[in-house]
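J.: Residues in the sequence shown are numbered from 1 upward in steps of one, following full-length UniProt numbering. Don't be surprised by glycine CBs; every beta carbon is placed ideally from N, CA and C. Structure below; questions to follow.
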Amino acid sequence: FFVVEGHTKMVELKGIHWVAPVTMLATFLVGFAFVLGHHFFYANLSGQDVPTEPYHVAGWRLSHQQFNTSVGTAFAFLVRTFLSIAMSAAYIQLLWNQVKKARARLTLGELDWAGDVRSNIVAFFNFKKGIRFPYLLAFATLCWCVPICTIFPPATIAVVSIPVIRSSMEEVPKFDFASLKYDGSLINQYEAFWDWSGPSVRVATTVQSVMGSGQMLPIAAPAPNSSWSLNMSIPALECSDVAGKARDAIFANIWNSYYGSSRNQPYTFLSWVPDSQSGLPFVARSVNGSYQGDASGPPAGLLAMRFPASLYVAVMPGMGSFYPSIGGWTFSTTGMSGQCDNQKNITTIMQPFSCLGQNGTNTTFTPAQIFNTSTLIKCNLVEASYTATFNYSAGAQNITMIADSARTPVAITPLSTFSGPYGSASGAYRQGTDGVEGVDPMLYGQPNCTAVNAQSGTYGYNPCIFDVAVLRSLSYQSIAQAFNGEVVGGMVGSSANSSILSTVLAESDEIASAWSAANNAPDSSLVTGGIISFGNTDLQTLLADNASASFQSLTGNARPISRGKLKDNLAQLFQNVTLSLLADPYFQPNYSSPFAPSRLTNVTIADPIRTVYHYNALTLWVAYGIALGFAAVALIVAFVVMCFEGVSYSNVYSTLIRVARTADLSEDVHPEDGSGSDPLPEYLERARLEVTSTARADRNRSARPEEQKLATSDEAELRPYEGS
Numbered sequence: 001f002f003v004v005e006g007h008t009k010m011v012e013l014k015g016i017h018w019v020a021p022v023t024m025l026a027t028f029l030v031g032f033a034f035v036l037g038h039h040f041f042y043a044n045l046s047g048q049d050v051p052t053e054p055y056h057v058a059g060w061r062l063s064h065q066q067f068n069t070s071v072g073t074a075f076a077f078l079v080r081t082f083l084s085i086a087m088s089a090a091y092i093q094l095l096w097n098q099v100k101k102a103r104a105r106l107t108l109g110e111l112d113w114a115g116d117v118r119s120n121i122v123a124f125f126n127f128k129k130g131i132r133f134p135y136l137l138a139f140a141t142l143c144w145c146v147p148i149c150t151i152f153p154p155a156t157i158a159v160v161s162i163p164v165i166r167s168s169m170e171e172v173p174k175f176d177f178a179s180l181k182y183d184g185s186l187i188n189q190y191e192a193f194w195d196w197s198g199p200s201v202r203v204a205t206t207v208q209s210v211m212g213s214g215q216m217l218p219i220a221a222p223a224p225n226s227s228w229s230l231n232m233s234i235p236a237l238e239c240s241d242v243a244g245k246a247r248d249a250i251f252a253n254i255w256n257s258y259y260g261s262s263r264n265q266p267y268t269f270l271s272w273v274p275d276s277q278s279g280l281p282f283v284a285r286s287v288n289g290s291y292q293g294d295a296s297g298p299p300a301g302l303l304a305m306r307f308p309a310s311l312y313v314a315v316m317p318g319m320g321s322f323y324p325s326i327g328g329w330t331f332s333t334t335g336m337s338g339q340c341d342n343q344k345n346i347t348t349i350m351q352p353f354s355c356l357g358q359n360g361t362n363t364t365f366t367p368a369q370i371f372n373t374s375t376l377i378k379c380n381l382v383e384a385s386y387t388a389t390f391n392y393s394a395g396a397q398n399i400t401m402i403a404d405s406a407r408t409p410v411a412i413t414p415l416s417t418f419s420g421p422y423g424s425a426s427g428a429y430r431q432g433t434d435g436v437e438g439v440d441p442m443l444y445g446q447p448n449c450t451a452v453n454a455q456s457g458t459y460g461y462n463p464c465i466f467d468v469a470v471l472r473s474l475s476y477q478s479i480a481q482a483f484n485g486e487v488v489g490g491m492v493g494s495s496a497n498s499s500i501l502s503t504v505l506a507e508s509d510e511i512a513s514a515w516s517a518a519n520n521a522p523d524s525s526l527v528t529g530g531i532i533s534f535g536n537t538d539l540q541t542l543l544a545d546n547a548s549a550s551f552q553s554l555t556g557n558a559r560p561i562s563r564g565k566l567k568d569n570l571a572q573l574f575q576n577v578t579l580s581l582l583a584d585p586y587f588q589p590n591y592s593s594p595f596a597p598s599r600l601t602n603v604t605i606a607d608p609i610r611t612v613y614h615y616n617a618l619t620l621w622v623a624y625g626i627a628l629g630f631a632a633v634a635l636i637v638a639f640v641v642m643c644f645e646g647v648s649y650s651n652v653y654s655t656l657i658r659v660a661r662t663a664d665l666s667e668d669v670h671p672e673d674g675s676g677s678d679p680l681p682e683y684l685e686r687a688r689l690e691v692t693s694t695a696r697a698d699r700n701r702s703a704r705p706e707e708q709k710l711a712t713s714d715e716a717e718l719r720p721y722e723g724s
């Protein structure tokens with residue numbers, strides 16, 4: 001209630017009017033609706049191709065990307081506008097609550113700050129006045145965060161380049177080992193029997209290329225970005241260390257052959273293919289005890305026949321520690337002579353021997369000194385099953401091989417001779433041993449009798465059996481022989497009759513160690529009378545190893561770079577060789593053959609890059625979510641204030657005029673300042689204002705009579721005309 005002209009009158013509150021709450025709720029919901037519209041508009045664009053043809057609007061060229069980004073910006077503007085309206089209406093409720101509930105009278109400057117802080121960033125940072133209204137300052141912070149949050153959503157649509165993933169049945173490189181493509185010339189022995197002579201030139205060329213580089217050759221793919229998987233049975237090397245009695249027997253054979261021959265230098269590296277299952281590299285072939293190969297080393301064959309194929313590699317860096325050229329010793333097939341004690345020729349055990357050195361004392365060499373640091377590896381040729389996954393990204397090749405643990409690798413026994421087509425044999429391939437009804441299956445020359453098998457039968461005849469395994473075995477052994485040809489041989493001192501130093505296998509730990517031993521630096525035993533003998537060391541190694549050498553800059557590092565263990569490298573390199581055969585179109589299947597693999601394979605292909613719209617929904621919803629959250633908090637505060645006050649306010653001038661009539665200002669407004677023009681005079685800025693329901697009545701009661709008369713006159717002028 002308030003007092004008018006000395007009389008007390010009860011004023012009934014009008015309650016919460018619908019305009020303010022409806023405005024807040026409606027604008028908030030409209031803003032949320034535009035958020036949804038923005039989301040669905042961008043979501044509809046996401047994944048669509050970006051058209052290259054622009055829009056033509058009133059002579060202007062506007063790209064589709066520019067147009068869609070502009071639409072997104074318009075959505076963000078509308079969201080900001082309606083949320084700002086909602087928060088502005090909410091702010092007014094708190095503003096009048098704080099002004100009327102102020103414990104001390106407000107200055108006009110503080111009142112200006114309270115009304116301006118939500119729209120004037122300069123006023124927002126005037127914290128001296130903001131301290132007076134902490135709730136309004138916090139509320140204004142929410143108001144300022146809303147437009148900031150709406151900056152990011154328009155940028156959540158972007159143009160990106162993506163591959164198009166699809167699946168297609170395509171021809172891919174495959175193995176067809178059931179053919180004669182991998183074999184060299186097959187020479188007719190007699191009638192239907194054919195001699196295998198080794199690998200084809202194409203196989204040998206591929207093997208040399210891969211073993212020299214260590215890398216698989218590039219295999220053609222259906223598309224630069226594609227992938228597929230194949231289940232395949234291919235030849236493989238299973239390499240393991242030789243141990244126990246087998247190791248002792250082989251090293252005894254090497255040891256005894258050294259001083260049982262005419263060689264004057266020992267092997268530091270030796271690789272061979274045994275011609276017996278004993279695996280020994282040197283085998284006596286005559287009564288006088290001479291060795292096969294004599295001074296040239298072990299058997300010259302590159303592939304064992306009649307029993308499972310294997311490859312042996314022995315690396316013996318310790319053998320390079322004694323070098324016979326200094327002692328002047330002589331070796332022969334009957335033993336050693338000269339300054340070293342004579343020894344028996346061939347023995348079944350390794351025996352130490354002594355040699356008179358230059359210092360006049362005997363030096364005893366024992367097998368333990370030589371072979372304790374040696375490596376002995378056996379690699380078996382097998383057929384193994386793998387799942388190969390081929391992945392190509394921008395043409396870059398990556399092949400992953402996973403062995404099929406459910407299938408045990410099968411050892412391969414090479415064939416030197418096989419039964420094959422001959423004479424008038426022709427017709428369709430047949431599987432089995434039944435032959436053709438009414439025809440003797442043993443007659444190779446009969447029609448419809450085509451044979452490929454490992455069975456000899458009676459001289460001049462072969463059964464009508466087509467054994468695909470024979471063709472596979474011939475292909476496998478061709479690859480193996482080409483591989484063995486790059487490894488088999490020996491290394492004596494710094495010279496070698498093996499091509500292994502021309503392959504990446506030379507960078508294995510063991511080979512690098514043997515090479516180092518063969519090219520050792522001088523030691524004290526080689527110094528005589530102040531003259532240094534560098535033994536077997538070459539000039540490049542000498543300069544590279546001697547930091548104080550005057551001409552060290554003339555050479556590089558002569559030491560091979562290590563690639564790991566030889567055992568692992570042998571198996572991996574053989575796999576690389578085998579897979580590289582897929583790179584040569586010559587080895588691709590002839591799909592007219594009944595033994596050819598399936599022609600088509602399911603390939604996942606990433607087509608050429610497409611330019612599409614990409615929508616980052618998370619960023620849009622985070623940004624808009626924060627803005628909606630701030631607006632929701634503001635509305636909740638406003639509704640709480642309205643409920644406690646029981647009234648609502650609108651941000652209109654009539655509200656200010658009505659409140660001003662009940663406000664009490666500590667300073668009278670000078671006539672020249674009554675227009676309200678800028679700037680606010682300092683005396684009014686400091687003037688204090690009290691806005692209460694009784695302020696106006698108290699002022700009227702204490703006013704002078706002439707002022708009351710003037711006020712009454714003013715009220716009469718404002719009172720509407722009432723007719724009689």
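1) Please state whether DSSP places Q397 in a helix, a strand or coil.
2) Quick one: residues in its chain with C-beta nearer than 6 Å to the C-beta of F595, no 5 flanking neighbours on either side, listed in chain order?
3) According to the Cβ coordinates, are D275 and G244 closer than 7 Å?
4) Just verifying my parser: in three-state terms, what is the DSSP assignment at Y444?
5) From T81, T601 and A606, pick the residue whose C-alpha is nearest to that of L230; which is it?
6) Label residue 726 either buried or exposed according to how many other C-beta atoms from any shown protein chain fall within 10 Å of its C-beta, with 16 as the threshold for buried.
7) What is the C-beta distance between residue 734 and S495, in whole angstroms, given that I count them as a contact (C-beta under 8 Å)?
8) Terminal residues of the continuous alpha helix (DSSP H) containing V492?
9) What does the alpha-carbon distance come out to for the pair V637 and L29?
10) Would you kindly work out how many angstroms separate the C-alpha atoms of G59 and E53, rounded to a whole number?
11) Could you tell me the boundaries of the beta strand (DSSP E) in which M232 lies?
12) Measuring CA to CA, which of I254, I157 and L95 is closest to V71?
13) Do V172 and W228 have their C-beta atoms within less than 7 Å of each other?
14) Might you give, ordered along the chain, the residues of its own chain that have their beta carbon closer than 6 Å to the beta carbon of A623, omitting 5 neighbours on each side?
15) Give the range of the beta strand (DSSP E) segment to which N569 is assigned.
16) Which word fits T611, buried or exposed, when buried means at least 16 other C-beta atoms lie within 10 angstroms of its C-beta?
17) State yes or no: is the beta carbon of V640 nearer than 7 Å to at least one beta carbon in chain D?
18) Is it buried or exposed for W196, if we count other Cβ within 10 angstroms and need 16 for buried?
19) How far does the alpha helix (DSSP H) with F630 in it extend, from its first residue to its last?
20) Select from H64, H670, F644 and P681 the residue whose C-alpha is nearest the C-alpha of K101.
21) Take residue 779 as the anchor and find which of T604, P134, F75 and L566 has the nearest alpha-carbon.
22) Taking DSSP as the reference, what is the three-state secondary structure of S598?
23) Using beta-carbon positions only, say whether Y591 and R202 come within less than 7 Å of one another.
24) Helix, strand or coil for T413, going by three-state DSSP, please let me know.
25) Report the rounded CA-to-CA distance for H614 versus V159, giving the unit in angstroms.
26) With burial defined as no fewer than 16 other Cβ atoms inside 10 Å of the residue's Cβ, what is the status of F574: buried or exposed?
27) Which of the three DSSP states is assigned to R80 in this structure?
28) How big is the Cα-Cα spacing for M319 and P266?
29) Could you check where the alpha helix (DSSP H) with N484 kicks off and where it finishes?
30) What three-state label does DSSP hand T375 in the structure shown?
31) Should P199 and Q481 be called a contact, given that it needs their Cβ atoms to be closer than 7 Å?
32) Return the residue from the list I609, D607, T578 and L635 that minimises the CA-CA distance to M216.
33) Could you tell me if L628 is buried or exposed, where buried requires 16 or more neighbouring beta carbons within 10 angstroms of its beta carbon?
34) Check for me: the alpha helix (DSSP H) holding residue 741 runs from which residue to which?
35) Does DSSP classify E510 as helix, strand or coil?
36) Between M401, R61, A583 and T604, which lies nearest to F175 when the distance is taken from Cα to Cα?
T.: Concretely, from the data shown:
1) Start at 1 with the first residue of the sequence shown, and residue 397 comes out as number 397. Strand.
2) On the sequence shown, residue 595 is found 595 positions in, with the first residue counted as 1. A178 and V468, listed in sequence order.
3) Translated into the one-based positions of the sequence shown, residue 275 becomes position 275. Translated into the one-based positions of the sequence shown, residue 244 becomes position 244. Going by C-beta atoms, D275 is not nearer than 7 Å to G244.
4) If you number the sequence shown from 1, residue 444 lands on position 444. With a pLDDT of 43 at Y444, under the threshold of 50, the modelled position of this residue cannot be trusted; read the value that follows with caution. Coil, per DSSP.
5) Here residue 230 corresponds to residue number 230 of the sequence shown, with the count starting at 1. That would be T601, whose Cα lies nearest to the Cα of L230.
6) The structure shown does not extend to residue 726, since the chain spans only 1 to 724, so no value can be given for it.
7) No statement about residue 734 is possible, as the shown extent of the chain runs from 1 to 724 and does not include it.
8) As a working note, residue 492 is residue 492 in the sequence shown. No alpha helix (DSSP H) holds V492; the beta strand (DSSP E) holding it covers G489 to V492.
9) Stepping through the sequence shown from its first residue, residue 637 is reached at position 637. Stepping through the sequence shown from its first residue, residue 29 is reached at position 29. Rounded to whole angstroms, V637 to L29 spans 17 Å at the Cα level.
10) In the sequence shown, counting from the first residue as 1, residue 59 sits at position 59. In the sequence shown, counting from the first residue as 1, residue 53 sits at position 53. Going by the C-alpha atoms only, they are around 14 Å apart.
11) Here residue 232 is taken as the residue at index 232 of the sequence shown, counted from 1. Segment S226 to D241, the beta strand (DSSP E) holding M232.
12) Here residue 71 refers to the residue found at position 71 of the sequence shown. The residue with the shortest Cα to Cα distance from V71 is I157.
13) To locate residue 172, count along the sequence shown from 1; it is residue 172. To locate residue 228, count along the sequence shown from 1; it is residue 228. Yes, the pair counts as a contact, with Cβ atoms nearer than the cut-off.
14) For the purposes of this step, residue 623 is taken as the residue at position 623 of the sequence shown. Cβ within range, chain order: C149, F152 and P153.
15) The sequence position of residue 569 within the sequence shown is 569, counting from 1. Run containing N569: none in the beta strand (DSSP E); it sits in the alpha helix (DSSP H), L566 to S580.
16) In the sequence shown, counting from the first residue as 1, residue 611 sits at position 611. The residue is exposed, with fewer than 16 neighbouring Cβ atoms inside 10 Å.
17) Among the chains in the structure shown there is no chain D, since it carries only a single protein chain.
18) Stepping through the sequence shown from its first residue, residue 196 is reached at position 196. So W196 ends up on the buried side.
19) One-based indexing of the sequence shown puts residue 630 at position 630. Annotation for F630: the continuous alpha helix (DSSP H) segment containing it runs A617 to E645.
20) Numbered from 1 along the sequence shown, position 101 holds the residue referred to as residue 101. The candidate whose alpha carbon is nearest that of K101 is F644.
21) The structure shown has nothing for residue 779, since the chain only spans 1 to 724.
22) What you label residue 598 is simply residue 598 of the sequence shown in a count that begins at 1. If DSSP states are grouped into helix, strand and coil, S598 belongs with coil.
23) In the sequence shown, counting from the first residue as 1, residue 591 sits at position 591. In the sequence shown, counting from the first residue as 1, residue 202 sits at position 202. Against a cut-off of 7 Å, the Cβ pair of R202 and Y591 comes out as no contact.
24) Here residue 413 corresponds to residue number 413 of the sequence shown, with the count starting at 1. Coil, per DSSP.
25) Residue mapping note: residue 614 aligns to position 614 of the sequence shown, counting from 1. Residue mapping note: residue 159 aligns to position 159 of the sequence shown, counting from 1. Answer to the nearest angstrom: the Cα atoms are 6 Å apart.
26) Taking the first residue of the sequence shown as position 1, residue 574 is located at position 574. By the neighbour-count rule (16 or more Cβ atoms within 10 Å), F574 is buried.
27) For the purposes of this step, residue 80 is identified with residue 80 of the sequence shown, where counting begins at 1. Three-state DSSP puts R80 in a helix.
28) Here residue 319 refers to the residue found at position 319 of the sequence shown. Here residue 266 refers to the residue found at position 266 of the sequence shown. Each residue's Cα considered, the two are about 6 Å apart.
29) Within the sequence shown, residue 484 is the residue found at index 484, counting from 1. First-last of the alpha helix (DSSP H) with N484: V468 to N484.
30) Taking the first residue of the sequence shown as position 1, residue 375 is located at position 375. When DSSP states are grouped into helix, strand and coil, T375 belongs to the strand group.
31) In the sequence shown, counting from the first residue as 1, residue 199 sits at position 199. In the sequence shown, counting from the first residue as 1, residue 481 sits at position 481. Contact flag set, yes.
32) To locate residue 216, count along the sequence shown from 1; it is residue 216. Checked all of I609, D607, T578 and L635; the closest Cα to M216 is T578.
33) Counting from one through the sequence shown, the residue named residue 628 turns up at place 628. So L628 ends up on the buried side.
34) Absent from the model: residue 741. The displayed extent of the chain is 1 to 724, so no value can be given.
35) Taking the sequence shown and counting its residues from 1, the one referred to as residue 510 is at position 510. Residue state, collapsed to three classes: helix.
36) Start at 1 with the first residue of the sequence shown, and residue 175 comes out as number 175. When each option's Cα is compared against that of F175, the closest is A583.
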